[in-house]
Amino acid sequence: MAVGSASWSFTEDDFGAITQSLQRFLHESNARCALLVDRSGQLVATVGEQPKFDATAFATLTAADFSANDQLAKLIGETDFNSLFHQGEKESMYLADIARRVILVVLFDNRTTLGLVRLKMKQTVDELTKLFEQVFARPAQGQGGAPGLLTGADDEIDKLFQ
Amino acid sequence: MSMINYASREINCKIVYYGSGLGGKTTNLEHVYGKVQPDTRGKLISLATETERTLFFDFLPVDLGTIRGFKTRFHLYTVPGQVYYNASRKLILKGVDGIVFVADSQVERMEANQEAMQNLYDNMAEYGYDLTKMPFVIQYNKRDLPNAAPVRELQAALNPGWEVTEPSRQRVTPDPSHGGENLIEQLATGEWVEHAPYFEAVAVTGDGVFETLRAVSKLVLKSLA
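Residue numbers (our numbering), protein chains in the order written: chain A, 35 to 196; chain B, 276 to 500.
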């Protein structure tokens, strides 16, 4: 896949399905907030309590954290770590891989337990994996698939940089 | 790997500043951070050592405007310049949409620049990315220093051009930023070559910083168009 021309996009329907799945998960697990971040560090969605921190920076660091841990896994002879857990005094976070392209981050506090979060997360991860596999299976822009959003927008792009 | 989010109406792209240690990659980002309106940029995140050398990366998100009702958000990253940190340097290239190679113009850094360029090609190749087929610009930084090598020498060493094999692209394409120079040209040997666009800069004063950023962002958006 050539870089630059390769992109992925998701529609409002995808977004609706993702949100629904995550809302159900948050309700069942009593976790505070769930974020989806793509592996290159971009925030895809936030569901639940809106985070009070800088979510863009958080997404970047999450992707870096996951990538660094992937490399650590390889060094010890594993292919990857498909989930990570960071425990704090009050707030904790649990991260899980989705379809090798997206990371689900769940923030939770002492209103729930790690065991419950993990248990409920398994089903959500399966659901989201199926969903994202469909999203990624769609022909991407500029690859002979559907005409892209920016097709024919050359003039507008030029204007942006005048 | 650019991402179009139809729900929040955003186009997200990733640009990585690459180059040898102490070449001015972080300085580029700091200048952008200082100059753009606070409401169009996020926080500048630096994962650096105690001596302010980049350990993992620097990160700055900026909005460059709206196209077709979609906000264009660019995520700017730098990588650690030191060879020692190659493992983390490689991770940052994951999903990259555009590359800025920041070269240190000082004569004595020529070898370090060449090593970093080779390392960039190698790391990209390991991901299966072809640098010659993606948005890529070179910045010759520190042009104000007395020991800066002439641009012609830097071009010969770092941007000699790659072969253009597609017949449809084999036509002389002038470099819009440098009169009398070409981005695509035919050599005396008959071979067609393409050079990456280049820019001269003094990142500490901000000269050339936005020209470089504008050029690479435009190439990234055009690659989606």
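Quick reminder that beta carbons are idealized off the backbone N, C-alpha and C, glycines included.
{"Query": "Buried versus exposed call for A:G178 [16 or more other C-beta atoms within 10 Å across all chains shown]", "Result": "Legend: pLDDT at A:G178 = 41, less than 50; position of this residue unreliable, value from coordinates given subsequently. Exposed: under 16 other Cβ atoms inside 10 Å."}
{"Query": "Where B:A282 meets chain A, residues with beta-carbon distance less than 7 Å", "Result": "E46, F49"}
{"Query": "Neighbourhood of B:I342 by C-beta distance below 8 Å, restricted to the same chain and skipping five residues each side", "Result": "I286, L496"}
{"Query": "C-alpha distance - B:N416 paired with B:K408, whole-angstrom precision", "Result": "24 Å"}
{"Query": "Three-state secondary structure assigned by DSSP to A:G82", "Result": "strand"}
{"Query": "Whole runs of the alpha helix (DSSP H) within the region 388 to 434 of chain B, excluding any shorter than 4 residues", "Result": "426 to 433"}
{"Query": "Beta-carbon neighbours of B:H453, restricted to chain A and to distances below 9 Å", "Result": "Going along chain A, no residue has its Cβ under 9 Å from B:H453, so there is no contact; the nearest lies around 17 Å."}
{"Query": "In chain order, each alpha helix (DSSP H) run of at least 4 residues that lies wholly inside the region 284 to 359 of chain B", "Result": "300 to 310"}
{"Query": "Every unbroken alpha helix (DSSP H) inside the region 105 to 180 of chain A [4 residues or more]", "Result": "148 to 171"}
{"Query": "Distance, A:F170 Cα to B:L351 Cα", "Result": "24 Å"}
{"Query": "Through-space distance from B:R348 to B:G317, alpha-carbon basis", "Result": "10 Å"}
{"Query": "Integer Cβ distance of A:A97 from A:V71, believed to fall under 8 Å", "Result": "6 Å"}
{"Query": "DSSP bridge partner residues for A:D72 (one or two, in chain order)", "Result": "A:V136"}
{"Query": "Alpha carbon of A:T113 to alpha carbon of A:A107, nearest angstrom", "Result": "6 Å"}
{"Query": "Chain-ordered neighbours of B:F331 on chain A, where CB pairs are closer than 7 Å", "Result": "A98"}
{"Query": "Selected residue, minimal CA-CA separation from B:A478, among B:L297, B:N280, B:R284, B:S283", "Result": "B:L297"}
{"Query": "Same chain, Cβ closer than 7 Å to B:G223, neighbours up to 5 away in sequence not counted", "Result": "The structure shown has nothing for residue 223 of chain B, since chain B only spans 276 to 500."}
{"Query": "Neighbour-count burial assignment, A:M35, 16 or more Cβ in a 10 Å radius", "Result": "Caution applies to A:M35, whose pLDDT of 37 falls short of 50 and renders its modelled position unreliable; the value that the coordinates give is listed next. A:M35 should be labelled exposed."}
{"Query": "Amino acids of chain A, ordered along the chain, whose beta-carbon sits closer than 9 Å to that of B:K493", "Result": "I191, D192, L194, F195"}
{"Query": "Contact under 7 Å by Cβ, B:D450 with B:L458", "Result": "yes"}
{"Query": "Which listed residue (B:Y293, B:L368, B:T464) has its alpha carbon closest to that of B:S277", "Result": "B:L368"}
{"Query": "Buried versus exposed call for A:G176 [16 or more other C-beta atoms within 10 Å across all chains shown]", "Result": "In this predicted model, A:G176 has a pLDDT of only 45, less than 50, meaning its place in the structure is not dependable; the value taken from the coordinates is given anyway. Its Cβ being crowded by 16 or more others within 10 Å, A:G176 is buried."}
{"Query": "Counterpart residues of B:E460 in DSSP-defined beta bridges", "Result": "B:V468"}
{"Query": "Buried versus exposed call for B:Q414 [16 or more other C-beta atoms within 10 Å across all chains shown]", "Result": "buried"}
{"Query": "Own chain, CB closer than 8 Å to A:V136, minus 5 neighbours either side, in chain order", "Result": "L70, V71, D72, R73, V78, L162, F166"}
{"Query": "Cβ distance (whole Å) where B:F331 is taken to contact B:S363 below 8 Å", "Result": "5 Å"}
{"Query": "Under 9 Å by beta carbon: chain B residues contacting A:R73", "Result": "M276, K369, G370"}
{"Query": "At least 3 beta-carbon pairs within less than 8 Å: the region 376 to 386 of chain B vs the region 424 to 442 of chain B", "Result": "yes"}
{"Query": "Proximity winner among B:S295, B:V291, B:I279, relative to A:D48 (alpha-carbon distances)", "Result": "B:I279"}
{"Query": "Rounded separation between A:K193 and B:G344 - CA only", "Result": "14 Å"}
{"Query": "Any C-beta of chain B under 7 Å from that of A:S117", "Result": "no"}
{"Query": "B:Q381, DSSP secondary structure in three states", "Result": "strand"}
{"Query": "Secondary structure of A:A40, DSSP reduced to three states", "Result": "With a pLDDT of only 45 at A:A40, under 50, the local geometry of the prediction cannot be trusted, and the value read off the model is given with reservation. Note: A:A40 maps to coil in three-state DSSP."}
{"Query": "Simplified DSSP state of B:E438, which is helix, strand or coil", "Result": "strand"}
{"Query": "B:I290 beta carbon less than 7 Å from that of B:G373", "Result": "yes"}
{"Query": "Assigned secondary structure, A:N64 (DSSP; H/G/I helix, E/B strand, else coil)", "Result": "coil"}
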